[in-house]
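Per the numbering used here, the sequence shown runs over residues 21 to 334.
Working notes, beginning with the structure itself.
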Amino acid sequence: MQQYLQLCQHILDEGNDKGDRTGTGTRSVFGYQMRFDLQKGFPLLTTKRTAFRLIATELLWFLKGDTNVRTLIAQNNHIWDEWAFEKWVKSDQYEGPDMTNFGLRVNEDPEFKIQYEEQMAIFQDKVLNDDDFAQEFGDLGPVYGKQWRSWPADNGETIDQVKNVIESIKNNPNSRRHIVSAWNPAEVDDMALPPCHTLFQFYVADGKLSCQLYQRSADVFLGVPFNIASYALLTHLIAKECGLEVGDFVHTLGDAHLYSNHFNQVKEQLSRSPRELPQLIIKTEKESIFEYEIEDLAIDGYDPYPRIKAPIAV
Numbered sequence: 021m022q023q024y025l026q027l028c029q030h031i032l033d034e035g036n037d038k039g040d041r042t043g044t045g046t047r048s049v050f051g052y053q054m055r056f057d058l059q060k061g062f063p064l065l066t067t068k069r070t071a072f073r074l075i076a077t078e079l080l081w082f083l084k085g086d087t088n089v090r091t092l093i094a095q096n097n098h099i100w101d102e103w104a105f106e107k108w109v110k111s112d113q114y115e116g117p118d119m120t121n122f123g124l125r126v127n128e129d130p131e132f133k134i135q136y137e138e139q140m141a142i143f144q145d146k147v148l149n150d151d152d153f154a155q156e157f158g159d160l161g162p163v164y165g166k167q168w169r170s171w172p173a174d175n176g177e178t179i180d181q182v183k184n185v186i187e188s189i190k191n192n193p194n195s196r197r198h199i200v201s202a203w204n205p206a207e208v209d210d211m212a213l214p215p216c217h218t219l220f221q222f223y224v225a226d227g228k229l230s231c232q233l234y235q236r237s238a239d240v241f242l243g244v245p246f247n248i249a250s251y252a253l254l255t256h257l258i259a260k261e262c263g264l265e266v267g268d269f270v271h272t273l274g275d276a277h278l279y280s281n282h283f284n285q286v287k288e289q290l291s292r293s294p295r296e297l298p299q300l301i302i303k304t305e306k307e308s309i310f311e312y313e314i315e316d317l318a319i320d321g322y323d324p325y326p327r328i329k330a331p332i333a334v
């Protein structure tokens, strides 16, 4: 994973300091590419512990076409909670303490952090146990799962992009149209967060399946390690269904940025030397990629450095 560390150092050394939507501030570069040979190991970051279970449950959530955080919360996966929580605290139904700019305040005000955690616990409980509440506030809008599996067509039907691309790989491997897009301009404004990883394309050669992702916006410290592992996992699963080996994962970044409140954490990570990559274990053979559950997947030989905590910008 030396390429990832090189990206971090490149942004620190050469990046432009800019404001951003969250009010946190970033240092960023525009246009960067990394390539990972999936034959050499599963690209799960070793210079800090990265939670494969969270990555895998999120990907399986996408693949099932789900857009409601209830499924993730039930699996103790909270990486999308803040986006749904924001929808609730901005609504007329919310009656708790002021949560304006909670993403910034939670890291600056210990008393507010206690209030925030109390309200988040209430929110999570309501999503899990109140069907009406979950439907109204747990759903993130037409985000990845909707676009991947149910892209709306002009005739009122929907397009299952992932199913179609798998059939295309199986039946016409030399095609240059093995593409799935999450960026739907007609529905972007209805999404809790417009898709950061916007489009991916597959390529078949020498019996191997490669994948290239274009990511418009890349939170390099917190998000990119998840994105690398997620699309590597997706490539493995689709390759297995199509009877192929894995090739490369190519990660192309648009705005690649480090948040200003992540600089110290990044420098700590850069002081660590990468360790040997683990291996992905697909424990159960499934006929379809859409049948996999988290229990079917495992990582073997993962020996990372300890986790490095950092605040998320919402």
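Cβ coordinates follow ideal geometry from the N, Cα and C atoms, glycine included.
Every value quoted in this text rests on a predicted model; they were computed, and no experiment measured them.
Segment contact flag, the region 101 to 118 with the region 131 to 151, C-beta cutoff 8 Å, min 3 pairs: yes
Reference Tyr312, options Asp174, Glu137, His277 and Trp81, closest by Cα: Working through the sequence shown from its first residue, we reach residue 312 at position 292. Ranking Asp174, Glu137, His277 and Trp81 by Cα distance to Tyr312 puts Trp81 first.
Residue from Phe122, Asp33 and Gly51 with nearest C-alpha to Gly43: Start at 1 with the first residue of the sequence shown, and residue 43 comes out as number 23. When only C-alpha atoms are compared, the closest one is Phe122.
One or two residues paired with Trp171 in a DSSP bridge: Locating residue 171 in the sequence shown gives position 151, counting from the first residue. According to DSSP, which records beta bridges pairwise, Trp171 is partnered with Ile179.
Straight-line Cα distance separating Lys228 from Ala259: Your numbering for residue 259 matches position 239 in the sequence shown. Your numbering for residue 228 matches position 208 in the sequence shown. In a straight line, the C-alpha of Ala259 is about 8 Å away from that of Lys228.
Environment of Ser230 [buried if 16+ CB atoms lie within 10 Å]: Looking up residue 230 in the sequence shown gives position 210. Result: buried.
Boundaries of the beta strand (DSSP E) in which Gln232 is found, first to last residue: In the sequence shown, the residue the question calls residue 232 occupies position 212. From DSSP, the beta strand (DSSP E) with Gln232 extends over Lys228 to Asp239.
For Gly39, the three-state DSSP class (helix, strand or coil): The sequence position of residue 39 within the sequence shown is 19, counting from 1. Coil at Gly39, not helix or strand.
Inter-stretch contact (C-beta, 8 Å, three-pair minimum) for the region 271 to 282 and the region 240 to 256: yes
Cut-off 8 Å between Cβ atoms - residues of its own chain near Asp86, not counting five sequence neighbours on either side: Residue 86 sits at position 66 when you count from the first residue of the sequence shown. Taken in chain order, the residues that qualify are Gly165.
Opposing strand residues paired with Thr272 [DSSP bridges]: Taking the sequence shown and counting its residues from 1, one reaches residue 272 at position 252. According to DSSP, Thr272 bridges with Gln53 and Tyr234.
Supposed contact pair Asp316 and Lys306 - C-beta distance, whole angstroms, cut 8 Å: Start at 1 with the first residue of the sequence shown, and residue 306 comes out as number 286. Start at 1 with the first residue of the sequence shown, and residue 316 comes out as number 296. About 7 Å separates the two Cβ atoms, so the contact holds.
Contact set for Met119: own chain, Cβ-Cβ below 6 Å, skip 5 residues either direction: Locating residue 119 in the sequence shown gives position 99, where the first residue counts as 1. Answer for Met119: Val109, listed in chain order.
From Pro326, Leu300, His271 and Ile309, residue whose alpha carbon lies closest to that of Arg292: For the purposes of this step, residue 292 is identified with residue 272 of the sequence shown, where counting begins at 1. Taking only the C-alpha atoms, the option nearest Arg292 is Pro326.
Phe222 - containing beta strand (DSSP E), residue span: The sequence position of residue 222 within the sequence shown is 202, counting from 1. Start and end: His217 to Ala225.
Exposure of Gly116, with buried meaning 16 or more beta-carbon neighbours within 10 Å: To locate residue 116, count along the sequence shown from 1; it is residue 96. Exposed, because fewer than 16 other Cβ atoms sit within 10 Å of the Cβ of Gly116.
Cut-off 6 Å between Cβ atoms - residues of its own chain near Arg295, not counting five sequence neighbours on either side: In the sequence shown, residue 295 corresponds to position 275, counting from 1. Answer for Arg295: Thr66 and Asp323, listed in chain order.
Helix, strand or coil at Tyr279 according to DSSP, with G and I counted as helix: Residue numbering aside, residue 279 sits at position 259 when the sequence shown is read from its first letter. Reduced to three states, the DSSP call for Tyr279 is strand.
Beta-carbon proximity list for Glu261, same chain, < 7 Å, skipping 5 on both sides: Indexing the sequence shown from 1 puts residue 261 at position 241. For Glu261, where only same-chain residues beyond five positions count, the Cβ hits under 7 Å are Ile186, Ser308 and Ile309.
Assumed close pair Ala104, Ala225 - CB separation to whole angstroms, cut-off 8 Å: Locating residue 104 in the sequence shown gives position 84, where the first residue counts as 1. Locating residue 225 in the sequence shown gives position 205, where the first residue counts as 1. Contact doesn't hold; Cβ gap of about 41 Å is too wide.
Span of the beta strand (DSSP E), counted from its first residue to its last, around Gln59: Sequence index remark: in the sequence shown, residue 59 carries index 39 (1-based). Looking at the DSSP string, Gln59 is not in any beta strand (DSSP E), and its letter there is neither H nor E.
contact_flag[the region 153 to 168, the region 200 to 211] where n(CB pairs < 8 Å) is 3 or more: yes
C-beta contact flag for Arg55 and Asp210 at 8 Å: Counting from one through the sequence shown, the residue named residue 55 turns up at place 35. Counting from one through the sequence shown, the residue named residue 210 turns up at place 190. Result no, Cβ atoms of Arg55 and Asp210 do not sit closer than 8 Å.
Per DSSP, cross-strand counterpart(s) of Arg47: The residue labelled residue 47 in the question sits at position 27 within the sequence shown. DSSP lists Asp37 and Leu278 as partners of Arg47.
Reduced DSSP secondary structure (H/G/I, E/B, other) of Gly267: For the purposes of this step, residue 267 is identified with residue 247 of the sequence shown, where counting begins at 1. Three-state DSSP puts Gly267 in a strand.
Close-in-space but distant-in-sequence residues of the same chain around Cys28 (CB under 8 Å, 5 per side omitted): What you label residue 28 is simply residue 8 of the sequence shown in a count that begins at 1. Excluding residues within five positions, the ones whose Cβ falls inside 8 Å are Val240, Phe241, Leu278, Val286, Gln289 and Leu290.
Same chain, Cβ closer than 6 Å to Gly61, five either side skipped, listed in chain order: Along the sequence shown, one-based indexing puts residue 61 at 41. Excluding sequence neighbours, Gly61 sits near Leu297.
Through-space distance from Asp57 to Glu265, alpha-carbon basis: For the purposes of this step, residue 265 is taken as the residue at position 245 of the sequence shown. For the purposes of this step, residue 57 is taken as the residue at position 37 of the sequence shown. Taking the straight line joining both Cα atoms gives about 12 Å.
Ile75 beta carbon less than 8 Å from that of Ser188: The residue given as residue 188 occupies position 168 in the sequence shown. The residue given as residue 75 occupies position 55 in the sequence shown. It is not a contact, given that the beta carbons lie outside the stated cut-off.
Leu148, DSSP secondary structure in three states: In the sequence shown, counting from the first residue as 1, residue 148 sits at position 128. Helix, per DSSP.
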